[in-house]
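A.B. asks: Heads up: the protein sequence lines correspond to chains P and A, in order. Note that the first sequence covers residues 1 to 233 in the working numbering. Note that the second sequence covers residues 1 to 274 in the working numbering. Ideal Cβ placement from N, Cα and C applies to all residues, glycine included. Just so it is clear, the structure is predicted and the values come from calculations on it, not from any experiment.
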Amino acid sequence: MNGLLLTTQQALQLLLYGDAELWSIVLLSFSVSLKAILLTTPVALLLAFGLHHGNFPGSRFILAFFNSLLSVPTVVVGLFLYVLLTRQGPFGDLKLLFTQSAMVIGQMFLCFPVLVALGYAAIQSADRRVWETARTLGAPRWFAILTIFYEVRFGLLAAVLTGFGRVISEVGISMMVGGNIMGYTRNITTAIALETSKGEFAQGIALGLVLLSLAFLLTAFLSYIQSKKRVTT
Amino acid sequence: MKCWCGSMMNKLLLVILICIIGTGIVQAEPIRLATTTSTENSGLLKVLIPYFEKQTGNVVHVLSVGTGQALRMGQDGNVDVVLVHAPTAEMRFVDAGFGLNRRSLMYNDFVIVGPTDDPANIHGENNAVRSLQKIARGKNLFVSRGDDSGTHKKELQLWKKAKWIPDLSWYREVGQGMGRALQIADELNAYTITDRGTWLVMRAKLSLKLLAEGDAELYNPYSIIAVNPARYPSINYLGAMSLIAWLTSVEGQNRIRNFRLQGQPLFIPTAIKN
Chain P
1 MNGLLLTTQQ ALQLLLYGDA ELWSIVLLSF SVSLKAILLT TPVALLLAFG
51 LHHGNFPGSR FILAFFNSLL SVPTVVVGLF LYVLLTRQGP FGDLKLLFTQ
101 SAMVIGQMFL CFPVLVALGY AAIQSADRRV WETARTLGAP RWFAILTIFY
151 EVRFGLLAAV LTGFGRVISE VGISMMVGGN IMGYTRNITT AIALETSKGE
201 FAQGIALGLV LLSLAFLLTA FLSYIQSKKR VTT
Chain A
1 MKCWCGSMMN KLLLVILICI IGTGIVQAEP IRLATTTSTE NSGLLKVLIP
51 YFEKQTGNVV HVLSVGTGQA LRMGQDGNVD VVLVHAPTAE MRFVDAGFGL
101 NRRSLMYNDF VIVGPTDDPA NIHGENNAVR SLQKIARGKN LFVSRGDDSG
151 THKKELQLWK KAKWIPDLSW YREVGQGMGR ALQIADELNA YTITDRGTWL
201 VMRAKLSLKL LAEGDAELYN PYSIIAVNPA RYPSINYLGA MSLIAWLTSV
251 EGQNRIRNFR LQGQPLFIPT AIKN
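(1) To the nearest whole angstrom, what separates the beta carbons of A/Lys134 and A/Ser169, a pair I think is in contact under 8 Å?
(2) If we require 3 or more residues per run, which beta strand (DSSP E) segments fall completely within the stretch 116 to 149 of chain A?
(3) Within 8 Å (strictly less), CB to CB, does A/Met91 reach chain P?
(4) Please decide whether A/Asn58 counts as near chain P, where near means a Cβ-Cβ distance under 8 Å.
(5) Take the Cβ of A/Gly179 as the centre, count every other Cβ of all protein chains shown within 10 Å, and call the residue buried at 16 or more, exposed below.
(6) Contact check, P/Ile25 vs P/Asn180 under 8 Å by CB: the rounded distance?
(7) With 16 other CB atoms within 10 Å as the buried threshold, where does A/Ser38 fall?
(8) Any idea which residues DSSP pairs A/Tyr222 with across the strands?
(9) Identify the contact partners of A/His152 in chain P, using a Cβ-Cβ distance below 7 Å as the criterion.
(10) Whose C-alpha, out of P/Leu217, P/Gly208 and P/Ala220, is nearest the C-alpha of P/Ser22?
(11) Are P/Ala44 and P/Gly155 closer than 8 Å when you measure CB to CB?
(12) Given a threshold of 16 other Cβ atoms within 10 Å of its Cβ, counted over all protein chains shown, does A/Lys154 qualify as buried or as exposed?
(13) Which residues mark the beginning and the end of the alpha helix (DSSP H) in which P/Leu34 is found?
(14) Answer yes if the stretch 32 to 44 of chain P comes into contact with the stretch 103 to 115 of chain P, meaning at least three C-beta pairs across the two stretches below 8 Å, and no otherwise.
(15) Opposite A/Leu188 in the DSSP bridges: which residues?
(16) Do the stretch 98 to 110 of chain A and the stretch 217 to 224 of chain A meet, that is, are 3 or more Cβ pairs less than 8 Å apart?
(17) Output yes if chain P places a C-beta closer than 8 Å to the C-beta of A/Asp76; else output no.
(18) For A/Ile25 and P/Ser101, I'd like the C-alpha separation in whole angstroms.
(19) Give the secondary structure of A/Cys208 by DSSP, where H, G and I count as helix, E and B as strand, and everything else as coil.
(20) Using a Cβ-Cβ cutoff of less than 6 Å, which residues in the same chain neighbour A/Gln75 once the five nearest sequence positions on both sides are dropped?
(21) DSSP beta-bridge partners for A/Ala34?
(22) Should P/Thr136 be labelled buried (16 or more other beta-carbon atoms within 10 Å of its own) or exposed?
(23) Measuring only the C-alpha atoms, how far is A/Ala212 from A/Gly124?
(24) If you reduce the DSSP assignment to three classes, tell me which class A/Thr194 lands in.
(25) With DSSP run on the structure shown, which of helix, strand or coil describes P/Phe114?
(26) For P/Pro42, verify whether its CB is less than 7 Å away from any heavy atom of the ligand ZN.
(27) Using only CA atoms, which one of A/Asp118, A/Lys46 and A/Val111 lies nearest to A/Ser158?
(28) Does DSSP put A/Asn41 in a helix, in a strand, or in coil?
(29) Under three-state DSSP, which class holds P/Gly106?
(30) For A/Glu173, does the three-state DSSP call read helix, strand or coil?
(31) Please tell me whether P/Thr7 and P/Ala202 are closer than 8 Å, where the distance is taken between their beta carbons.
(32) For A/Met202, which residues of its own chain have a beta-carbon under 7 Å away from its beta-carbon, when the five flanking residues on both sides are left out?
(33) From the DSSP output, in three-state form, read off A/Trp264 for me.
(34) Taking the Cβ atom as the reference point for each residue, do A/Leu141 and A/Ala162 lie within a distance shorter than 8 Å?
(35) Specify, as a first and last residue, the run of the alpha helix (DSSP H) that A/Asp95 falls within.
(36) Between A/Leu247, A/Arg231, A/Gly252 and A/Val250, which lies nearest to P/Arg87 when the distance is taken from Cα to Cα?
Structure, rendered in structure tokens:
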């Protein structure tokens, strides 16, 4: 069938000739997901650190909890957030439903467990002596933490990139709490769902190509830094 | 090495800061309009809304869902105004105090489409109920929206009038929008009922054929209703009313009348009686 070839060709044309609507959707996707990941990262990594070094009762349970949240379905997060943010819900007065902020919050929920679990694994790999040396040399706690984070920076970066991959590609949350409003909350994935429902496959494939190339780039970058890590250690 | 780390940290902090500030920017209160996939897919709103926004300085956020969900959004106060097409459900919505100032806006019609070879032989049938009975009697595949949309409500109403309870051996409830339902009907070679707008947009990509139309039963009126501000004092009631006012004004109604989809007029305005 040359239908697929034809639509892919149309898709490439849309991308190359800078279809304004298409690129604004791409931009929106990145802006929302970047906000989510940047706001989540510091908190999640500190929690991961606390779970590893604190060794308080229940820390293993908390870690197991976050591990199980790794595979939480996005529509469940979306529904949960919808019920919280609806005008009659507990946070209805904030008027957040169907806004970009709601999408950011939902995506933060989504990448938080990823960052905690993978961040924990990375921090675990750090030599315990780094912490002890830094402390005995008189470094304050926060600086010792930063030193550890610096030691395992590649692992942490991998965690962040994985989290970003998870949020940029999700559709359930964006659709449910974003509402797919054109020019405001329509992102790559909800636009693909909409264009497909209208039978406009070219536009959908064009957006899909953007996501795919992003996935390739992230994977390539990950394996690059992993190879670099092997050289440096 | 430490130096690199420091500058990276600074940059990261800067980016985070910018993001937080960016999230905090407040825009003028938008008007949230929940509407059906049929008005959005046909491109009508894309043509109308910019005129309204330009003239009044308002910003409209369009949420395109099924009628059932749109009314629910209004009931929960998550939108300011709804534009839907299910008269009975609309009356209930208004009677329950969820909405007020219901104005009839325009109408178009539903059509029954199906496979080209038309095994149920409904081509040219001008009685919708009889068409459905023929489809059911022959156990021909029928795709139902199944999403509580205006089209779905109309379809259920017709089955009731046909005195037929569809059974799952030939009745496929897909729970999706009109465009998707048409695509599924196309893939399955099934019959379905659709609003004319979505049909006109989609027909070039489908092998289905328009088979039955023109019954008064297939009349499809649209109304616009403001969400009751007494229930939700903080909603944008003024915005909702200005949108209703504009759409039911002479200009709004003329723009609806002059809207063309593939050269065909699609909606007939009803707000202003001569």
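C.D. replies: According to the structure shown:
(1) Translated into positions along the second sequence, residue 134 of chain A becomes position 134. Translated into positions along the second sequence, residue 169 of chain A becomes position 169. Contact doesn't hold; Cβ gap of about 17 Å is too wide.
(2) 142 to 144
(3) For the purposes of this step, residue 91 of chain A is taken as the residue at position 91 of the second sequence. No, because no Cβ of chain P sits closer than 8 Å to the Cβ of A/Met91.
(4) Position 58 of the second sequence, counted from the start, is the residue given in the question as residue 58 of chain A. No, A/Asn58 lies away from the interface with chain P (no Cβ there is under 8 Å from its Cβ).
(5) Residue 179 of chain A sits at position 179 when you count from the first residue of the second sequence. The residue in question, A/Gly179, is buried, as its Cβ has 16 or more Cβ neighbours within 10 Å.
(6) The sequence position of residue 25 of chain P within the first sequence is 25, counting from 1. The sequence position of residue 180 of chain P within the first sequence is 180, counting from 1. Taking C-beta atoms under 8 Å as the contact rule, P/Ile25 and P/Asn180 fail to qualify, at a distance of about 10 Å.
(7) Here residue 38 of chain A refers to the residue found at position 38 when the second sequence is read from its first residue. By the 10 Å Cβ count, A/Ser38 comes out buried.
(8) Translated into positions along the second sequence, residue 222 of chain A becomes position 222. In the DSSP output, where bridge partners are listed per residue, A/Tyr222 has A/Met106.
(9) Counting from one through the second sequence, the residue named residue 152 of chain A turns up at place 152. Chain P residues near A/His152: none, gap ~15 Å exceeds 7 Å.
(10) Position 22 of the first sequence, counted from the first residue, corresponds to residue 22 of chain P. As written in the sequence, residue 22 of chain P is Leu, which differs from the Ser given in the question. Nearest option by C-alpha distance: P/Gly208.
(11) Position 44 of the first sequence, counted from the first residue, corresponds to residue 44 of chain P. Position 155 of the first sequence, counted from the first residue, corresponds to residue 155 of chain P. Contact flag unset, no.
(12) Here residue 154 of chain A corresponds to residue number 154 of the second sequence, with the count starting at 1. Classification for A/Lys154: buried.
(13) Indexing the first sequence from 1 puts residue 34 of chain P at position 34. P/Leu34 -> alpha helix (DSSP H) spans Ala20 to Gly54.
(14) yes
(15) Here residue 188 of chain A corresponds to residue number 188 of the second sequence, with the count starting at 1. In DSSP, A/Leu188 forms no bridge with anything.
(16) Yes, the stretch 98 to 110 of chain A is in contact with the stretch 217 to 224 of chain A.
(17) Numbered from 1 along the second sequence, position 76 holds the residue referred to as residue 76 of chain A. Judged by the 8 Å Cβ criterion, A/Asp76 is in contact with chain P.
(18) Looking up residue 25 of chain A in the second sequence gives position 25. Looking up residue 101 of chain P in the first sequence gives position 101. Because A/Ile25 sits at a pLDDT of 47, beneath the cut-off of 50, its placement in the model cannot be relied upon, and the following sentence gives the value as read from the coordinates. Looking at the backbone, the Cα of A/Ile25 and that of P/Ser101 are separated by about 11 Å.
(19) As a first step, residue 208 of chain A must be located in the second sequence, where it is residue number 208. The sequence shown places Leu at residue 208 of chain A, rather than the Cys named in the question. Residue state, collapsed to three classes: coil.
(20) Here residue 75 of chain A refers to the residue found at position 75 of the second sequence. The answer, listed in chain order, is Phe98.
(21) Walking along the second sequence from the start, residue 34 of chain A turns up at place 34. Answer is A/Leu63 and A/Val82, bridged to A/Ala34.
(22) Here residue 136 of chain P refers to the residue found at position 136 when the first sequence is read from its first residue. The residue in question, P/Thr136, is exposed, as its Cβ has fewer than 16 Cβ neighbours within 10 Å.
(23) By one-based count along the second sequence, residue 212 of chain A stands at place 212. By one-based count along the second sequence, residue 124 of chain A stands at place 124. A/Ala212 and A/Gly124: Cα-Cα distance of roughly 6 Å.
(24) Mapped onto the second sequence, residue 194 of chain A falls at position 194. Strand, per DSSP.
(25) The count along the first sequence starts at 1 and reaches residue 114 of chain P at position 114. Checking the sequence shown, residue 114 of chain P turns out to be Val, not Phe. It is helical.
(26) Questions concerning the ligand ZN fall outside what the structure shown contains, since it holds no ligand whatsoever.
(27) Residue 158 of chain A sits at position 158 when you count from the first residue of the second sequence. In the sequence under discussion, the amino acid at residue 158 of chain A is Leu, which differs from the Ser named in the question. Here the closest residue by C-alpha is A/Val111.
(28) Indexing the second sequence from 1 puts residue 41 of chain A at position 41. A/Asn41 falls in the helix class under three-state DSSP.
(29) In the first sequence, residue 106 of chain P corresponds to position 106, counting from 1. In this structure, P/Gly106 counts as helix in the three-state DSSP scheme.
(30) In the second sequence, the residue the question calls residue 173 of chain A occupies position 173. Three-state DSSP puts A/Glu173 in a strand.
(31) Residue mapping note: residue 7 of chain P aligns to position 7 of the first sequence, counting from 1. Residue mapping note: residue 202 of chain P aligns to position 202 of the first sequence, counting from 1. Against a cut-off of 8 Å, the Cβ pair of P/Ala202 and P/Thr7 comes out as a contact.
(32) As a working mapping, residue 202 of chain A is identified with position 202 in the second sequence. Same-chain partners within the cutoff: Gly179 and Leu182.
(33) The residue labelled residue 264 of chain A in the question sits at position 264 within the second sequence. The sequence given here has Gln at residue 264 of chain A, not Trp. The answer is strand: DSSP assigns A/Gln264 an E or B state.
(34) On the second sequence, position 141 is the one that residue 141 of chain A refers to. On the second sequence, position 162 is the one that residue 162 of chain A refers to. Contact flag unset, no.
(35) Within the second sequence, residue 95 of chain A is the residue found at index 95, counting from 1. Where A/Asp95 is concerned, the enclosing alpha helix (DSSP H) stretches over Pro87 to Asp95.
(36) As a first step, residue 87 of chain P is located in the first sequence; it is residue number 87 there, counting from the start. Of A/Leu247, A/Arg231, A/Gly252 and A/Val250, the residue nearest in Cα terms is A/Arg231.
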